[in-house]
Amino acid sequence: MKAAVAVRPGGPEVLELTELPRPKPGRGEALVRLHASSINHVDVWARTGAIPHSGRFPRVLGADGAGTVEEVGDEVDPSVLNTRVLLYPLVTCGSCEPCMEGRENLCDDLKMLGVHLPGTYAEYVKLPAENLVPIPDEMDFTTASTLGVAYLTAWTAVRAADVGVGRSVFIPGATGGFGTAAVRFSLALGATVLASTASPQKAQRLKETGVKHVIDANVRDLAEEVRRVTGGRGVDAALDSVGSATFLQSLRAVRKGGKVVTIGATTGKEVQLDLRFVFANGLNISGVYMGTRKELAEIVKWVTEGRVRPVIDSVYSLEEVAEAHSRVDGRLAFGKVVLRPTGSA
Ligand SMILES: [Zn+2]
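Residue numbering for the sequence shown follows numbering that gives the first Met the number 0, starting at 0 and increasing by one per position.
This is the structure we're talking about:
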C-alpha cells in the first residue's frame with residue numbers, strides 16, 4: 000500500500016511516499032481503507048520527534064482518518080464490513096481507573112494513531128474495532144476526517160468551560176483546526192465569541208462566521224483588549240490552545256471566577272504563573288485532552304444535524320504531504336488541512 004512516512008525527525012522535507020505491506024487485522028481489529036486523513040499539530044510533533052516514548056522512525060503519521068471497513072479480524076462482528084466510519088484516534092486499555100470511569104482519553108496506557116502506532120497517512124490502517132465510529136451516508140469522508148482530534152478536543156473544551164447562551168468566550172489563535180472548531184461549537188451553543196488572529200484576511204473570515212470581536216493578535220496586550228470590548232468585565236471563559244504566547248493573557252482576559260481551559264501549547268509549554276492572581280480572582284484552570292468515544296459519537300450527530308459545519312482549509316493528495324505539512328507548520332491554514340490517501344474524499 001501507499002503510505003507517507005517521516006523517514007527521520009525533522010521538517011516537512013522528511014516526509015516521503017513509500018510502499019509498505021498492507022496491515023493484517025488481528026483479533027478484535029479492523030482494517031480501514033482511508034479516503035481522508037486530516038492533519039493535526041500532534042502530527043507535526045510526531046514528525047519532529049518531540050513526543051516522548053513515541054514510535055520509531057521511519058513512522059507513518061496521522062491520527063485522524065475516515066474511510067470504509069475492508070477487513071476484520073477474529074471476534075469482530077462482520078456486519079461492520081464495508082460500512083463508512085471515522086476513527087477514534089486513541090487506543091486504550093479498557094481496564095485502568097480512567098478507562099473504568101468512562102474517561103478512556105486519560106487511559107494510563109494510551110496509544111495514539113500516528114504517534115505510538117502506524118497512522119492514517121496511508122491507504123490502509125488497522126486498529127481495534129471498538130475505535131470505529133459509524134458515519135451516515137450524507138457525511139463526506141473529508142468532513143468526517145476532521146472530527147477525531149480537533150473537533151473532539153473543541154467539544155470537550157467548550158463543555159469544560161460551560162460555554163452557552165448568555166456567556167462569552169475568548170479563543171486566542173482561532174484560525175487553526177482546534178480554533179475554528181471551538182469557534183463553531185461556541186457559536187452553535189449561543190455564546191458570544193471573541194477571537195484573536197494576526198492575519199487581516201483570517202480576521203475577516205472569523206467575522207463572517209459570526210465572531211463578534213476579532214482582536215488583532217499583534218496588539219501588545221490581548222487581555223486588555225478583551226476587557227475593553229467587554230466593558231472592563233472580562234469574558235466568562237477562555238479556551239487556549241496556543242500555550243506560552245497567550246496563556247497568561249487568557250488568564251487575565253476572564254472575569255473573576257472565570258474559567259480557563261488549556262488544550263494545547265503550539266507556541267510553547269511553559270509559563271510563569273502568579274498563583275496569587277489565580278486564587279485571589281477565584282479562577283478555574285482546567286486541562287482537556289481530546290475526549291471519549293461517546294463524545295465523538297455526539298459530534299457526529301451534531302454535524303449530521305447541521306448544527307456545526309467543520310471548516311476545511313484545503314485538500315491534498317498523499318503525494319503532496321510535505322506541502323500540506325508546510326501549510327500547517329507555517330500557520331497558513333484557516334481550518335483543517337486534509338489528505339486524500341485513496342480515491343475521492
Ligand atoms: Zn486504560
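A virtual CB, placed ideally from N, CA and C, is assigned to each residue, including glycine.
Nearest Cα to residue 340 within the set 38, 223 and 247: 38. For the pair of segments examined, the stretch 4 to 14 was found not to touch the stretch 226 to 241: the number of CB pairs separated by less than 8 Å stays below three. Apart from the 5 residues on each side of it in sequence, residue 7 sits with its Cβ closer than 7 Å to the Cβ of 13 and 56 in its chain, given in chain order. Distance from residue 143 to residue 65 at the Cβ level is roughly 4 Å; contact confirmed, criterion being Cβ atoms closer than 8 Å. Residue 257 sits in a strand when the DSSP states are folded into three classes.
Burial state of residue 223 is exposed, judged by a 10 Å Cβ sphere holding fewer than 16 other Cβ atoms.
Counting along the chain, the unbroken beta strand (DSSP E) around residue 127 starts and ends at 123 to 127. Beyond the five residues adjoining it in sequence on each side, residue 204 comes within less than 6 Å, by CB distance, of 333 in the same chain, given in chain order.
In the displayed model, residue 120 falls within coil according to three-state DSSP, outside both helix and strand.
Here DSSP, grouped into helix, strand and coil, assigns residue 286 to strand. The C-alpha of residue 321 is placed about 12 Å away from the C-alpha of residue 336. Excluding the 5 residues flanking it on each side, residue 180 has same chain C-beta neighbours closer than 6 Å at 149, 150 and 153, in chain order.
Residue 212: member of the beta strand (DSSP E) spanning 212 to 215, first to last residue.
Residue state for residue 273 is assigned as coil, using DSSP reduced to three classes. Residue selection by CB proximity (closer than 5 Å to any heavy atom of ligand 1) returns 91, 92, 95, 98 and 106 in chain order. Note: residue 99 is not bridge-paired with any residue in the DSSP secondary-structure output. Residue 248 counts as buried, since no fewer than 16 other beta carbons sit within 10 angstroms of its beta carbon. Contact between residue 234 and residue 313 does not hold, since the beta-carbon distance rounds to 31 Å and is not under 8 Å. One Cα belongs to residue 200, the other to residue 79, and the distance between them is close to 43 Å.
Residue range 176 to 187 is occupied by the alpha helix (DSSP H) that includes residue 187, with no beta strand (DSSP E) assigned at that position. Residue state for residue 23 is assigned as coil, using DSSP reduced to three classes. With contacts defined by Cβ atoms closer than 9 Å, residue 88 and residue 112 form a contacting pair. Contact annotation: residue 46 and residue 10 have beta-carbon atoms nearer than 9 Å. Between residue 63 and residue 145 the beta-carbon gap is near 7 Å, inside 8 Å, which marks them as a contact. In the displayed model, residue 317 falls within a helix according to three-state DSSP. In this structure the stretch 269 to 284 does not touch the stretch 292 to 311; the number of beta carbon pairs closer than 8 Å is below three.
Scanning its chain for C-beta atoms nearer than 8 Å, with the 5 sequence neighbours on each side dropped, one finds around residue 243 the residues 264, 266, 267, 268, 269 and 270, in chain order.
A straight line joining the alpha-carbon of residue 125 with that of residue 232 spans about 50 Å. In the structure shown, residue 11 adopts helical secondary structure according to DSSP, grouped into three states. A Cβ-Cβ distance of about 5 Å is found for the pair residue 188 and residue 162, placing them in contact under the 8 Å criterion. Sequence-distant partners of residue 137 (beyond 5 residues in either direction) whose C-beta falls short of 8 Å from its own C-beta, in its chain, are 303. Counting along the chain, residue 338 sits inside the beta strand (DSSP E) bounded by residues 335 to 339. Bounds of the alpha helix (DSSP H) holding residue 201 are 199 to 207. In this structure, DSSP gives residue 77 a helical state, which the three-state scheme calls helix.
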